[in-house]
Amino acid sequence: MIDPGYVRMMARYNSWQNSQLMPLLQDMTLEDLTLDRGAYFGGLLSTANHLLWGDTLWMSRFDPSVMPLAAGIPESTGMHPTAGAWAADRFRMDGKIRFWADGVRRVCLKGDITWYSGAMGREVTCPVAKAIVHFFNHQTHHRGQIHAMITGMGIKAPVSDLFYLPEDI
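Positions 1051 to 1219 (this note's numbering) are the ones given, in order, by the sequence shown.
Written out as C-alpha coordinates, the structure is:
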(Lines of atoms letter the chains of each structure in order from A and count residues from 1; the text may use other names and numbers.)
(Lines give C-alpha, C1' and ligand atoms only; values in the text may rest on other atoms or scores of the structure.)
Protein backbone atom coordinates (compact mmCIF):
# COMPACT_ATOMS: atom_id res chain seq x y z
CA MET A 1 0.00 0.00 0.00
CA ILE A 2 2.64 2.55 1.06
CA ASP A 3 6.37 2.60 1.67
CA PRO A 4 8.68 4.57 4.00
CA GLY A 5 9.33 7.15 1.28
CA TYR A 6 5.62 7.99 1.20
CA VAL A 7 5.57 8.45 4.98
CA ARG A 8 8.59 10.77 4.90
CA MET A 9 7.24 12.77 1.96
CA MET A 10 3.87 13.27 3.63
CA ALA A 11 5.53 14.27 6.92
CA ARG A 12 7.54 16.87 4.99
CA TYR A 13 4.40 18.02 3.19
CA ASN A 14 2.53 18.38 6.48
CA SER A 15 5.35 20.45 7.96
CA TRP A 16 5.59 22.65 4.86
CA GLN A 17 1.85 23.28 4.75
CA ASN A 18 1.65 24.19 8.42
CA SER A 19 4.70 26.47 8.18
CA GLN A 20 2.86 28.42 5.47
CA LEU A 21 -0.33 28.67 7.54
CA MET A 22 1.31 29.77 10.81
CA PRO A 23 2.15 33.37 9.84
CA LEU A 24 -1.22 33.86 8.13
CA LEU A 25 -3.14 32.74 11.21
CA GLN A 26 -0.87 34.61 13.62
CA ASP A 27 -1.45 37.87 11.71
CA MET A 28 -5.25 37.58 12.05
CA THR A 29 -7.33 39.07 14.80
CA LEU A 30 -8.85 36.73 17.36
CA GLU A 31 -12.25 37.74 15.99
CA ASP A 32 -11.28 36.60 12.48
CA LEU A 33 -9.82 33.36 13.85
CA THR A 34 -12.87 32.46 15.91
CA LEU A 35 -15.68 33.60 13.59
CA ASP A 36 -17.85 30.65 12.58
CA ARG A 37 -17.29 30.33 8.86
CA GLY A 38 -19.56 27.34 8.32
CA ALA A 39 -16.82 24.71 8.34
CA TYR A 40 -17.44 21.46 10.20
CA PHE A 41 -15.61 22.75 13.28
CA GLY A 42 -16.69 26.37 12.79
CA GLY A 43 -13.80 28.72 12.28
CA LEU A 44 -10.11 28.81 11.52
CA LEU A 45 -8.67 28.37 14.99
CA SER A 46 -11.12 25.66 16.00
CA THR A 47 -10.34 23.71 12.82
CA ALA A 48 -6.58 24.18 13.28
CA ASN A 49 -6.93 23.03 16.90
CA HIS A 50 -8.89 19.94 15.87
CA LEU A 51 -6.26 19.06 13.29
CA LEU A 52 -3.47 19.37 15.86
CA TRP A 53 -5.51 17.29 18.30
CA GLY A 54 -5.96 14.58 15.66
CA ASP A 55 -2.26 14.58 14.84
CA THR A 56 -1.39 14.24 18.52
CA LEU A 57 -3.86 11.41 18.97
CA TRP A 58 -2.60 9.47 15.94
CA MET A 59 1.03 10.05 16.83
CA SER A 60 0.37 8.65 20.32
CA ARG A 61 -0.75 5.47 18.54
CA PHE A 62 2.26 5.33 16.22
CA ASP A 63 4.97 6.59 18.57
CA PRO A 64 4.96 5.63 22.26
CA SER A 65 6.97 8.77 23.13
CA VAL A 66 3.92 10.92 22.32
CA MET A 67 1.47 11.19 25.19
CA PRO A 68 -2.20 10.66 24.29
CA LEU A 69 -4.65 13.45 25.00
CA ALA A 70 -7.48 13.06 27.47
CA ALA A 71 -9.77 15.33 25.42
CA GLY A 72 -12.19 13.92 22.89
CA ILE A 73 -13.46 15.31 19.59
CA PRO A 74 -15.86 17.83 21.20
CA GLU A 75 -12.99 19.36 23.20
CA SER A 76 -10.50 19.21 20.32
CA THR A 77 -11.45 22.62 18.96
CA GLY A 78 -10.45 24.51 22.10
CA MET A 79 -6.95 23.19 22.69
CA HIS A 80 -5.31 26.60 22.21
CA PRO A 81 -7.00 29.99 22.73
CA THR A 82 -4.68 31.89 20.37
CA ALA A 83 -2.90 31.35 17.07
CA GLY A 84 0.45 31.91 18.80
CA ALA A 85 -0.15 29.10 21.30
CA TRP A 86 -1.41 26.87 18.49
CA ALA A 87 1.63 27.64 16.29
CA ALA A 88 4.12 26.76 19.04
CA ASP A 89 2.47 23.40 19.70
CA ARG A 90 1.99 22.81 15.97
CA PHE A 91 5.70 23.40 15.34
CA ARG A 92 6.64 20.89 18.06
CA MET A 93 4.21 18.26 16.77
CA ASP A 94 5.43 18.67 13.20
CA GLY A 95 8.96 18.01 14.44
CA LYS A 96 7.79 14.84 16.19
CA ILE A 97 6.00 13.69 13.06
CA ARG A 98 9.12 14.27 10.94
CA PHE A 99 11.33 12.46 13.47
CA TRP A 100 8.93 9.50 13.60
CA ALA A 101 8.64 9.38 9.80
CA ASP A 102 12.41 9.33 9.42
CA GLY A 103 12.49 6.16 11.51
CA VAL A 104 9.74 4.29 9.65
CA ARG A 105 10.99 1.18 7.87
CA ARG A 106 9.09 -1.27 5.65
CA VAL A 107 8.56 -3.65 8.54
CA CYS A 108 6.84 -0.84 10.49
CA LEU A 109 4.16 -0.71 7.81
CA LYS A 110 3.20 -4.38 8.13
CA GLY A 111 0.58 -5.84 10.41
CA ASP A 112 -2.29 -4.29 12.29
CA ILE A 113 -2.72 -1.52 14.83
CA THR A 114 -5.37 -1.68 17.56
CA TRP A 115 -6.67 1.16 19.70
CA TYR A 116 -9.75 2.17 21.63
CA SER A 117 -11.79 4.68 19.63
CA GLY A 118 -13.69 7.10 21.81
CA ALA A 119 -15.63 8.27 18.74
CA MET A 120 -16.80 4.74 17.99
CA GLY A 121 -16.98 3.62 21.62
CA ARG A 122 -15.06 0.41 20.96
CA GLU A 123 -11.74 -1.14 20.14
CA VAL A 124 -10.70 -0.81 16.48
CA THR A 125 -8.14 -2.79 14.50
CA CYS A 126 -6.92 -2.02 11.00
CA PRO A 127 -3.74 -2.39 8.95
CA VAL A 128 -1.10 0.02 10.23
CA ALA A 129 -0.43 1.27 6.67
CA LYS A 130 -4.11 2.16 6.28
CA ALA A 131 -4.05 4.04 9.61
CA ILE A 132 -1.02 6.03 8.44
CA VAL A 133 -2.72 6.91 5.16
CA HIS A 134 -5.76 8.06 7.16
CA PHE A 135 -3.51 10.16 9.42
CA PHE A 136 -2.12 12.10 6.46
CA ASN A 137 -5.48 12.25 4.68
CA HIS A 138 -7.09 13.74 7.81
CA GLN A 139 -4.46 16.49 7.79
CA THR A 140 -5.06 17.30 4.14
CA HIS A 141 -8.83 17.29 4.58
CA HIS A 142 -8.86 19.83 7.41
CA ARG A 143 -6.12 21.99 5.92
CA GLY A 144 -8.30 22.13 2.80
CA GLN A 145 -11.10 23.53 4.97
CA ILE A 146 -8.70 26.11 6.41
CA HIS A 147 -7.55 26.98 2.89
CA ALA A 148 -11.16 27.52 1.79
CA MET A 149 -11.91 29.72 4.81
CA ILE A 150 -8.81 31.85 4.16
CA THR A 151 -9.71 32.18 0.48
CA GLY A 152 -13.27 33.10 1.47
CA MET A 153 -11.86 35.97 3.51
CA GLY A 154 -10.24 37.38 0.37
CA ILE A 155 -6.74 36.41 1.51
CA LYS A 156 -4.38 34.62 -0.84
CA ALA A 157 -3.98 31.15 0.63
CA PRO A 158 -0.61 29.41 0.32
CA VAL A 159 0.14 26.95 -2.43
CA SER A 160 -0.88 23.45 -1.41
CA ASP A 161 -0.08 21.28 -4.43
CA LEU A 162 2.12 18.38 -3.42
CA PHE A 163 4.31 18.66 -6.50
CA TYR A 164 5.41 22.13 -5.30
CA LEU A 165 6.88 20.60 -2.12
CA PRO A 166 10.41 22.03 -1.90
CA GLU A 167 13.17 19.43 -1.88
CA ASP A 168 14.92 21.06 1.07
CA ILE A 169 11.96 20.70 3.45
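Built from N, CA and C at the ideal position, the CB exists for glycine as well.
In this structure V1183 is in contact with M1051, their Cβ atoms being roughly 7 Å apart against a cut-off of 8 Å. Excluding sequence positions up to five before and after K1206, its CB lies less than 6 Å from no other CB in the same chain. Fewer than three pairs of CB atoms, one per stretch, sit closer than 8 Å, so the region 1209-1219 makes no contact with the region 1076-1088. The continuous beta strand (DSSP E) containing P1177 extends over residues R1172 to P1177. Relative to N1064, the option among M1117, L1075, S1167 and L1102 whose CA is nearest is L1102.
Looking at the backbone, the Cα of S1167 and that of A1179 are separated by about 18 Å. Just so you know, the alpha carbons of R1111 and H1100 end up roughly 17 Å apart. Apart from the 5 residues on each side of it in sequence, W1136 sits with its Cβ closer than 8 Å to the Cβ of L1075, L1095, A1098, N1099, L1102, M1129 and H1130 in its chain, given in chain order. A1061 sits in a helix when the DSSP states are folded into three classes. Taking the CA atoms as reference points, E1125 sits about 16 Å from M1170.
In the three-state reduction of the DSSP assignment, D1162 falls in the strand class, which pools E and B. For M1143, the enclosing alpha helix (DSSP H) begins and ends at A1133 to G1153. Per DSSP, the continuous alpha helix (DSSP H) segment holding S1096 begins and ends at L1094 to F1112. Counting only the Cα atoms, P1054 lies some 11 Å from K1160.
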